[in-house]
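Each number in my numbering corresponds to the 1-based position in the sequence shown with 2 added. Cβ coordinates follow ideal geometry from the N, Cα and C atoms, glycine included. For reference, the structure is listed below as structure tokens.
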Amino acid sequence: MIKGNGKKRYFFKKCFSIALIWSILFGSPAYAQIPFVEGGLIGDVSMTANTYEYEELFFMTGKPVVLKGTLKMPQAPDDKDKYTLKVTFDLSNVAERITLTRAITYDIVKTQKSNITQTLYEKTISKFDETITTPEGTFTLGKYSFSDSRLFDQSPSVSYFSGHLVGERTYYLNGDYITNSGSITVLDEGDPIVGYIHEWGESETLVNHQEIQHVIPNPNYDATVIDSKPNISWQAVLDQNLACTKTVDFIYQGTDPQSISFRGSYFKVTSEENVLTAKYDLPIVKADGAIDYEATKRNVGEINKSKEVILETKPLITPKIRDISGHWANQDVFLLTSLEIFDVDQDYFAPDAYISRLEFGKAVVNALEGVLPEATRTDLIKRKRPGVTTPYLDVLPDDPDYQYYEYIKAHNLMAGENSYFKPNNPITRAEMVAVLITALGLEYLAPNPPYKTVFTDDDRISEWAKDFVYMANEIGLITGYDDGSFKPLNRVTKAEAASMIHALIKHLKDEITYDYREKIINR
3 MIKGNGKKRY FFKKCFSIAL IWSILFGSPA YAQIPFVEGG LIGDVSMTAN
53 TYEYEELFFM TGKPVVLKGT LKMPQAPDDK DKYTLKVTFD LSNVAERITL
103 TRAITYDIVK TQKSNITQTL YEKTISKFDE TITTPEGTFT LGKYSFSDSR
153 LFDQSPSVSY FSGHLVGERT YYLNGDYITN SGSITVLDEG DPIVGYIHEW
203 GESETLVNHQ EIQHVIPNPN YDATVIDSKP NISWQAVLDQ NLACTKTVDF
253 IYQGTDPQSI SFRGSYFKVT SEENVLTAKY DLPIVKADGA IDYEATKRNV
303 GEINKSKEVI LETKPLITPK IRDISGHWAN QDVFLLTSLE IFDVDQDYFA
353 PDAYISRLEF GKAVVNALEG VLPEATRTDL IKRKRPGVTT PYLDVLPDDP
403 DYQYYEYIKA HNLMAGENSY FKPNNPITRA EMVAVLITAL GLEYLAPNPP
453 YKTVFTDDDR ISEWAKDFVY MANEIGLITG YDDGSFKPLN RVTKAEAASM
503 IHALIKHLKD EITYDYREKI INR
């Protein structure tokens with residue numbers, strides 16, 4: 003069986019909520035955990051199953067208030083295209099005398115477009131109940147509209163996604179639509195929701211624009227006075243920048259004792275950071291807590307909240323390789339062998355030897371998915387059944403690396419030549435870059451031909467490779483040699499391959515994070 007993108011399951015078990023009602027969208031126990039409604043932060047799990055500590059920003063009394071409590075959120079199934087989930091909140095702020103209870107039932111439909119490796123998600127609400135008590139009275143949700151959709155595009159290494167949400171809610175004070183003492187209407191519309199999921203991290207970012215309008219009867223209304231108004235109101239405008247990012251870092255720790263069999267090792271540290279920034283434009287609230295409807299001045303400010311938790315610290319193996327000390331690629335090789343991206347059951351790495359197509363392909367797959375499991379007895383039997391074709395003509399069903407050939411073929415990482423993989427052939431720099439950019443799914447962003455790359459030997463770059471080389475330079479994955487050349491036909495050494503695969507990992511876990519978070523929430 004092909005392992006595929008099985009590891010790219012959506013992680014956000016502790017992620018913040020984003021704007022108006024979105025969450026529980028995707029079929030898995032992780033990313034599906036994003037709630038909704040107002041900007042908030044999910045904390046640690048409580049003693050009750052599927053229940054988490056939770057806090058959110060609340061502006062419906064005309065001033066910034068933090069509500070704290072619990073969020074109960076079931077896990078979303080990852081094996082269904084249609085399912086229903088219910089999420090409940092129980093929040094309060096004792097000092098402000100505010101309580102909030104909220105229960106939302108979602109209906110989710112997932113449509114997979116396997117021919118273009120894309121998945122569409124549509125979410126609707128079949129039931130939404132919310133009651134808020136404040137010193138002003140009790141607000142009950144009376145009506146709402148809501149639209150939330152997402153598009154996932156799966157490349158071999160990254161699942162990129164984008165989405166859009168828009169919604170409106172109306173709450174009635176001390177009553178319902180027919181009889182009430184006032185109302186609050188909340189309008190939400192976000193910029194495109196963007197994010198990604200890959201082996202080394204996950205992220206989601208939204209900039210949400212919200213308007214609040216509060217209307218109550220004018221106690222001083224006099225129908226005989228020309229300018230007297232039957233209602234009085236206040237308005238608020240909010241911009242909430244929300245980001246949730248899961249990252250993996252590698253920390254090297256040396257050893258002090260002289261009599262020890264290794265000098266140091268890496269630890270893999272997985273952490274999650276939730277960031278919430280709210281810029282608000284609110285009415286003025288008087289000392290007694292009442293809104294000053296006569297004031298022309300506004301309460302303008304900003305709130306920044308964040309929460310970071312370490313999810314896992316895992317020790318990595320320590321390779322005992324004799325021929326990389328002092329080599330320019332020592333750190334790249336040591337880290338990648340610690341991660342078992344390259345084989346570690348050897349004393350010599352041979353960093354300056356040319357790397358074969360199979361060695362490079364295996365290392366890239368290990369970097370994208372982790373080490374693939376060995377074939378089971380059932381797998382071997384299935385491969386040898388009549389009519390079953392191998393991924394390439396020069397690959398046998400009992401090849402120990404069959405699962406890698408299968409993955410490479412299924413994800414179009416390496417095309418081969420006339421249906422032959424030629425595993426022992428060395429790989430060239432152009433071929434190497436083509437594999438890495440294909441893994442990122444970025445080759446389609448190159449300009450329409452004809453065009454030239456920045457390299458002085460552009461005329462030596464084959465047309466089939468030009469898009470890959472262009473994009474690799476565009477995202478900073480390659481820079482070329484000191485003379486400005488790329489040397490596309492040069493064979494790649496194992497040290498160069500280790501350096502490039504490490505650069506791929508750093509791009510996935512560092513550069514993409516900046517692109518999807520800082521550039522958006524700090525603009």
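Alpha carbon of residue i to alpha carbon of residue j, nearest angstrom
i: T515; j: K129; result: 35 Å
i: D290; j: E274; result: 40 Å
i: C17; j: V250; result: Confidence is the limiting factor: at C17 the pLDDT is only 44, short of 50, which leaves the residue's position unreliable, though a coordinate-based value still follows. Computed Cα separation, rounded: 16 Å.
i: T187; j: Y223; result: 22 Å
i: T458; j: N492; result: 15 Å
i: R431; j: W330; result: 18 Å
i: F488; j: D241; result: 45 Å
i: D345; j: A369; result: 12 Å
i: D283; j: S185; result: 19 Å
i: L395; j: N117; result: 24 Å
i: G42; j: Y404; result: 47 Å
i: A448; j: D469; result: 5 Å
i: K248; j: S205; result: 6 Å
i: L506; j: H200; result: 12 Å
i: D325; j: F336; result: 11 Å
i: T339; j: M416; result: 23 Å
i: L167; j: F60; result: 20 Å
i: I253; j: R265; result: 14 Å
i: K70; j: N52; result: 17 Å
i: V111; j: Q77; result: 16 Å
Continuous alpha helix (DSSP H) stretch holding residue i: start and end
i: H211; result: Run containing H211: none in the alpha helix (DSSP H); it sits in the beta strand (DSSP E), 203 to 219.
i: R171; result: Per DSSP, R171 belongs to no alpha helix (DSSP H); it is in the beta strand (DSSP E), 160 to 175.
i: V437; result: 431 to 442
Residue from the options with nearest C-alpha to residue i
i: S235; options: N420, P221, I228, A497; result: P221
i: K508; options: L479, N492, D485; result: L479
i: N414; options: T107, S308, P158, T249; result: P158
i: D400; options: P353, L442, T378; result: T378
i: I319; options: I218, F269, I134; result: F269
i: Y409; options: V366, Y422, L398; result: V366
i: Y123; options: Y85, K411, I100, K307; result: Y85
i: V437; options: G418, E98, G71, T133; result: G418
i: S94; options: D81, T119, V68, P79; result: V68
i: L153; options: S147, K145, Y162, Y146; result: Y162
i: K125; options: S151, K145, E138; result: S151
i: I195; options: Y350, G482, N210; result: N210
i: D294; options: K82, K231, I286; result: I286
i: N475; options: M502, Y146, P451; result: M502
i: T103; options: P79, T72, D109; result: T72
i: Y179; options: D83, F141, M75; result: F141
As assigned by DSSP and simplified to three states, the class of residue i
i: E376; result: coil
i: D484; result: coil
i: S464; result: coil
i: K65; result: coil
i: Y518; result: helix
i: L59; result: strand
i: Q348; result: coil
i: S230; result: coil
i: K508; result: helix
i: E124; result: strand
i: E419; result: strand
i: K364; result: helix
i: Y446; result: helix
i: S185; result: strand
i: V287; result: strand
Contact belief for residue i with residue j at Cβ below 8 Å, rounded distance in angstroms
i: S529; j: L175; result: Beyond the ends of the chain as shown, which are 3 and 525, falls residue 529; an answer cannot be given.
i: A499; j: I357; result: 5 Å
i: L278; j: L313; result: Actually they are not in contact, since the Cβ atoms of L278 and L313 sit about 19 Å apart, beyond 8 Å.
i: K424; j: W202; result: Not a contact, Cβ separation roughly 30 Å.
i: G321; j: T495; result: For clarity, residue 321 is Pro in the given sequence; the question names Gly instead. Rounded, the Cβ-Cβ distance is 18 Å, inconsistent with contact.
i: K411; j: P428; result: About 20 Å separates the two Cβ atoms, so there is no contact after all.
i: T135; j: T101; result: 5 Å
i: M434; j: F362; result: 7 Å
i: Q120; j: D80; result: Between D80 and Q120 the Cβ distance is about 17 Å, and since that is not below 8 Å, they are no contact.
Limits of the beta strand (DSSP E) - the one that residue i falls within
i: T86; result: 84 to 95
i: A245; result: 233 to 256
i: I410; result: Segment 404 to 412 is the alpha helix (DSSP H) holding I410; no beta strand (DSSP E) there.
i: Q333; result: Looking at the DSSP string, Q333 is not in any beta strand (DSSP E); the run it does join, the alpha helix (DSSP H), is 332 to 340.
i: F148; result: 139 to 156
i: L278; result: 266 to 284
i: G303; result: 301 to 317
i: H200; result: 195 to 200
i: D109; result: 100 to 115
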